[in-house]
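Residue numbering for the first sequence follows the numbering used here, starting at 49 and increasing by one per position. Okay, so here's the structure we're looking at.
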Amino acid sequence: MTDILAELSWRGLIHQTTDDAHLPAWLNGESRALYCGFDPTADSLHVGSLLPLVILRRFQRAGHRPIALVGGATGMIGDPSGKSEERKLLSLDVLRANVEGMQNQMRMLLDFERGSNAAILVNNYDWMSGFSCLDFLRDVGKNFPVNAMLAKDSVKNRLERGDAGLSYTEFSYMLLQAYDFVHLLEHHDCQLQIGASDQWGNITAGIDLARRMKSVQLYGMTCPLLTKADGSKMGKTETGTVWLSPARTSPYAFYQYWINVDDLDAGKCLRFLTELSREEIEALDGARAADPGKRESQRRLAEEVTRLIHGEAGLRAARRATDVFFGAEVSELSDAQLGEIFADVPSRDLPRSRLSGEGLNVVDAIVEASLAKSKGEARRIVEQGGAYVNNRRVEGLNTQLGPNDLASASVMVLRWGKKKYALLRFRD
RNA sequence: GGGGGGUUUCCCGAGCGGUCAAAGGGGUCAGACUGUAAAUCUGAUGGCACUGCCUUCACAGGUUCGAAUCCUGUACCCCCCA
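Here you go:
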């Protein structure tokens, strides 16, 4: 039995526990069940919710049994924690699809086969949907003093805002989550709940409920929120959220997100999200301090996290795309390979005849590919040396593109500046 | 109700009736440098058939050879006196 708390502790993953004194002995004595809930607000998890999931994984590797709970029921209500205003309710169909999508991702990170401590996936809709309103109020609601509920930060913050308010529905959220804990205690002997630090109130609500209903003392533990050195949340880019689903965020974009992590955040990310050993991480810290330009930490981070989420194949694809995006000329690749590498990039189909005869002028090509809004803009970028065809700089305004400028059988790769790409596909 | 000021290109902001697509700053984009960074430097920044033409300076009209600049009206904003 690995000392999981010691590991979480050096990684900086313990924000708060409900019982610092007894938790170590309780966990190190034998294999325990623990759970963490995830609300199905989208059909994919994102970087923000990755951290608790990785922690569940760590617990499992240390010999404990992780229970991943998707909030099919709680998702219908909306958690007020950390939200500044009332949430819109999701339709049942959307929720069902979201639960499905998230479960698939959990299957990748947790092992559901692993003998005595195989992970368990549960959906609180299964036990909540049949719970009648009256029974719930009598059995659960009776145990919640409104005073205590009003004192929770998640509620207090919303009430103090004045402009936002809080509906009775969201106010009740913590009762549902609290009951989940009791339910999992009864059915899976789960006595520990983990979550991000904003879940503290909900976790302690569950512990209080269990004490009142079952006279049992449960445990809770929170991890820090995954934030950047400047205080903002990780997992957001100008283009939006970084998702775990390859359909929403390609392995390449995912890999790039981590490659671009700030030096100041790299050490934290390595500790939080990778399974590298303490020695390896500290070696990387040293390397980063000595020669930050090499960005070994970021490379390693991107590699580890991308492999974790997208597997070896995804990592390979991300790397190959990176080579092309930041490398030399695009050549000796097939249509299919290019399509895969430039999966994220907008493309446009043009008739092949545009390449014959005089050929296609670069400026026109750039506009056709929607890289530039107008010809003037396209012309400007060519004049300033910021336009590239197949990663080769375009020399002048009157460059004409012909069949020889295709990178593969039918694809031409246009680039604007350092990173903005577009494809033109020439079809018969 | 009376008096005064304002409305400019993505934003702020300058703009003698002609030489204004409109100063300057910010932002954005590109290039150099670099660590796929930050900072810095350089250039660009309405459209097009680009040594020229077209559309823009709240809106609608007018004066003039010619208006973002003058006049009239309309809308919105600000200030002062009641």
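Glycine included, each C-beta is placed from N, C-alpha and C at the ideal position.
Inset, instruction - Return yes when at least one heavy atom of the ligand GDP lies under 7 Å from the C-beta of H63, else no. - result: Because no ligand of any kind appears in the structure shown, any question about the ligand GDP cannot be addressed here.
Legend entry - Option in G120, D256, R336 and D371 with minimal Cα separation from D311: Residue numbering aside, residue 311 sits at position 263 when the first sequence is read from its first letter. Checked all of G120, D256, R336 and D371; the closest Cα to D311 is R336.
Inset, instruction - With a threshold of 16 other CB atoms inside 10 Å of the CB of A166, please say whether the residue is buried or exposed. - result: Position 118 of the first sequence holds residue 166. Per the 10 Å Cβ criterion, exposed.
Legend entry - First and last residue of the uninterrupted beta strand (DSSP E) at Q239: Translated into positions along the first sequence, residue 239 becomes position 191. Run containing Q239: C238 to A244, per the beta strand (DSSP E) assignment.
Legend entry - Cross-strand partners of H94 (DSSP beta bridge): Counted from its first residue, the first sequence places residue 94 at position 46. W291, per the DSSP bridge assignment.
Inset, instruction - Pull up the distance between the alpha-carbon of F474 and that of Q304, whole angstroms please. - result: Position 426 of the first sequence, counted from the start, is the residue given in the question as residue 474. Position 256 of the first sequence, counted from the start, is the residue given in the question as residue 304. Whole-angstrom Cα-Cα distance: 29 Å.
Inset, instruction - Flag this pair as yes or no: are the beta carbons of R463 and N439 separated by less than 8 Å? - result: Mapped onto the first sequence, residue 463 falls at position 415. Mapped onto the first sequence, residue 439 falls at position 391. Yes, the pair counts as a contact, with Cβ atoms nearer than the cut-off.
Legend entry - For K262, three-class secondary structure by DSSP: Within the first sequence, residue 262 is the residue found at index 214, counting from 1. The answer is helix: DSSP assigns K262 an H, G or I state.
Inset, instruction - Specify, as a first and last residue, the run of the beta strand (DSSP E) that K468 falls within. - result: Counted from its first residue, the first sequence places residue 468 at position 420. Taken as a continuous stretch (DSSP letters only), the beta strand (DSSP E) holding K468 covers K468 to R475.
Legend entry - 8 Å Cβ cutoff met for M282 and I242: Taking the first residue of the first sequence as position 1, residue 282 is located at position 234. Taking the first residue of the first sequence as position 1, residue 242 is located at position 194. For M282 and I242, no; Cβs fall outside 8 Å.
Inset, instruction - Determine the contact status of Y4 and F390, defining contact as a CB-CB distance below 8 Å. - result: A query on residue 4 cannot be resolved here, the shown segment of the chain reaching from 49 to 476 and no further.
Inset, instruction - Mind listing, in chain order, the continuous alpha helix (DSSP H) runs of no fewer than 4 residues lying wholly within the stretch 56-113? - result: 71-77 and 95-109
Legend entry - First and last residue of the uninterrupted alpha helix (DSSP H) at G387: By one-based count along the first sequence, residue 387 stands at place 339. Here the alpha helix (DSSP H) through G387 covers D383 to I389.
Legend entry - At least three beta-carbon pairs within less than 8 Å, the stretch 188-197 to the stretch 212-227: With the cut-off at 8 Å, the stretch 188-197 and the stretch 212-227 touch.
Inset, instruction - Name the residue from A338, P294 and W58 whose alpha carbon lies nearest to the alpha carbon of H94. - result: By one-based count along the first sequence, residue 94 stands at place 46. Here the closest residue by C-alpha is P294.
Inset, instruction - For the beta strand (DSSP E) holding T270, just list the boundary residues, first then last. - result: Position 222 of the first sequence, counted from the first residue, corresponds to residue 270. Counting along the chain, the beta strand (DSSP E) containing T270 begins and ends at Y267 to C271.
Legend entry - Residues of its chain near D333, where Cβ-Cβ distance is below 6 Å and the 5 sequence neighbours each way are ignored: On the first sequence, position 285 is the one that residue 333 refers to. Hits under 6 Å: G315.
Legend entry - C-beta contact flag for F219 and R59 at 8 Å: Translated into positions along the first sequence, residue 219 becomes position 171. Translated into positions along the first sequence, residue 59 becomes position 11. Against a cut-off of 8 Å, the Cβ pair of R59 and F219 comes out as no contact.
Inset, instruction - Could you spell out where the alpha helix (DSSP H) holding R144 opens and where it closes? - result: The residue labelled residue 144 in the question sits at position 96 within the first sequence. L140 to L157 is the span of the alpha helix (DSSP H), which, as asked, contains R144.
Legend entry - Close-in-space but distant-in-sequence residues of the same chain around A350 (CB under 6 Å, 5 per side omitted): Numbered from its first residue, the first sequence carries residue 350 at position 302. Only Y303, W306 and I307 meet the Cβ criterion.
Inset, instruction - Verify whether the separation of the beta carbon atoms of L449 and V410 is less than 8 Å. - result: Residue 449 sits at position 401 when you count from the first residue of the first sequence. Residue 410 sits at position 362 when you count from the first residue of the first sequence. Yes, Cβ-Cβ distance for L449 and V410 is below 8 Å.
Legend entry - First and last residue of the uninterrupted alpha helix (DSSP H) at L462: For the purposes of this step, residue 462 is taken as the residue at position 414 of the first sequence. Per DSSP, L462 lies in no alpha helix (DSSP H); the unbroken beta strand (DSSP E) holding it starts and ends at V459 to W464.
Inset, instruction - Please determine, among L104, G111, H63 and A426, the residue with the shortest C-alpha to C-alpha distance to N76. - result: Counted from its first residue, the first sequence places residue 76 at position 28. Selected option, being the one with the closest Cα: G111.
Legend entry - Distance CB(G434)-CB(G387) smaller than 8 Å: Position 386 of the first sequence, counting from 1, holds the residue named residue 434. Position 339 of the first sequence, counting from 1, holds the residue named residue 387. Contact: no.
Inset, instruction - Use the C-beta contact count for C181: other C-beta atoms within 10 angstroms, 16 or more gives buried, fewer gives exposed. - result: For the purposes of this step, residue 181 is taken as the residue at position 133 of the first sequence. C181 is exposed by the Cβ-count criterion.
Inset, instruction - Go ahead and pull the three-state DSSP assignment for S395. - result: Position 347 of the first sequence holds residue 395. S395: strand per DSSP, three-state reduction.
Legend entry - Start-end ranges of the alpha helix (DSSP H) lying completely within the stretch 286-344, minimum 4 residues: 299-307, 311-321 and 326-338
Inset, instruction - Throw me the rounded Cβ distance for the L53 and L71 pair, which I believe falls under 8 Å. - result: As a position in the first sequence, residue 53 is number 5, starting the count at 1. As a position in the first sequence, residue 71 is number 23, starting the count at 1. Contact holds; Cβ gap of about 7 Å.
Legend entry - beta strand (DSSP E) segment containing N171, residue limits: Position 123 of the first sequence holds residue 171. Here the beta strand (DSSP E) through N171 covers I168 to N171.
Legend entry - Inter-residue CB distance, L104 and A116 (contact presumed, cutoff 8 Å): Numbered from 1 along the first sequence, position 56 holds the residue referred to as residue 104. Numbered from 1 along the first sequence, position 68 holds the residue referred to as residue 116. With 8 Å as the limit, L104 and A116 qualify as a contact, their Cβ atoms being about 6 Å apart.
Inset, instruction - Return the first residue and the last residue of the alpha helix (DSSP H) that V194 is part of. - result: Sequence index remark: in the first sequence, residue 194 carries index 146 (1-based). Unbroken alpha helix (DSSP H) run through V194: V194 to A199.
Inset, instruction - Ignore the nearest five residues each way along the sequence and tell me which others in V142's own chain have a CB closer than 6 Å to its CB. - result: Position 94 of the first sequence holds residue 142. Here the set comprises nothing.
Inset, instruction - Mind reading off the beta-carbon distance from R113 to L240? Whole number of angstroms is fine, and I expect it under 8 Å. - result: Along the first sequence, one-based indexing puts residue 113 at 65. Along the first sequence, one-based indexing puts residue 240 at 192. The beta carbons of R113 and L240 sit about 10 Å from each other, so the pair does not count as a contact at 8 Å.
Inset, instruction - Would you please state the rounded distance, in angstroms, between the beta carbons of R396 and L454? I believe it to be under 8 Å. - result: The count along the first sequence starts at 1 and reaches residue 396 at position 348. The count along the first sequence starts at 1 and reaches residue 454 at position 406. Contact flag wrong, Cβ pair sits at about 14 Å.
Inset, instruction - Put Q432 into one of helix, strand or coil per three-state DSSP. - result: Here residue 432 refers to the residue found at position 384 of the first sequence. Three-state result, Q432: coil.
Legend entry - Integer Cβ distance of G126 from L137, believed to fall under 8 Å: Against the first sequence, residue 126 aligns to sequence position 78. Against the first sequence, residue 137 aligns to sequence position 89. Sure, about 7 Å apart at Cβ, within 8 Å.
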